[in-house]
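Scroll down for the structure; my scribbles are underneath it.
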Amino acid sequence: MDNFGYTTEVETRYRDFDTMGHVNNAVYATYLEQARLNYFRDVIGVQLDEISGVVAHLEIDYRRSITPDDEVTVAMRVPELGDSSITMEYEIRAGDDVAATAEVVQVAIDPDTGEPTAISSELRDRIVTHERL
């Protein structure tokens, strides 16, 4: 759990929990999204909606349930940058336990054409500096 350069707290909401009394599996993707928004704001210095991008890949491996008593944090890192893609790895944590691991690949797109485009040099430099790539 020590290899992640960014961690953010995620607030659980009443609506996150299903009839089994734990966070519904689909909500985990929302926690990843919140962590991604926070990472871009806190680390990169931009709001995610200021850059054009789409999620091209999302993979979540569930390890344990998250209950109402758990404090939830999401740790993330960027292990790889492509020409137009950013690979992000996550741990969703419930207290000191890893509740899930995940990988998301976000692709920069041209807002006019919807086609992949190169990640800006400014954005790339900020990620490389933070992640020490």
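Take any residue in the sequence shown, note its place counting from 1, add 4, and you have its number in the working numbering.
All C-beta atoms in this analysis are idealised placements derived from N, C-alpha and C, irrespective of residue type, glycine included.
These numbers come from a predicted model, not from an experiment.
Contact check for residue 92 and residue 107: beta-carbon distance about 7 Å, within the 8 Å limit, so the pair qualifies. Linking residue 84 to residue 23 through their CA atoms gives a straight-line distance of about 38 Å. Straight through space, the alpha carbons of residue 117 and residue 71 are spaced by roughly 43 Å. The C-beta distance from residue 90 to residue 110 rounds to 5 Å, short enough to fall under 8 Å. The shortest C-alpha to C-alpha distance from residue 29 to any of 133, 80, 67, 128 is the one to 67. Rounded to whole angstroms, the gap between the alpha carbons of residue 38 and residue 14 is 7 Å. Distances from the CA of residue 43 to each of 121, 54, 81, 32 were compared; the closest alpha carbon is that of 81. When 102, 125, 105, 12 are compared, the shortest CA-CA separation from residue 46 is found for 12. In the DSSP assignment, residue 11 forms a beta bridge with 79. Per DSSP, the unbroken alpha helix (DSSP H) holding residue 34 starts and ends at 31–43.
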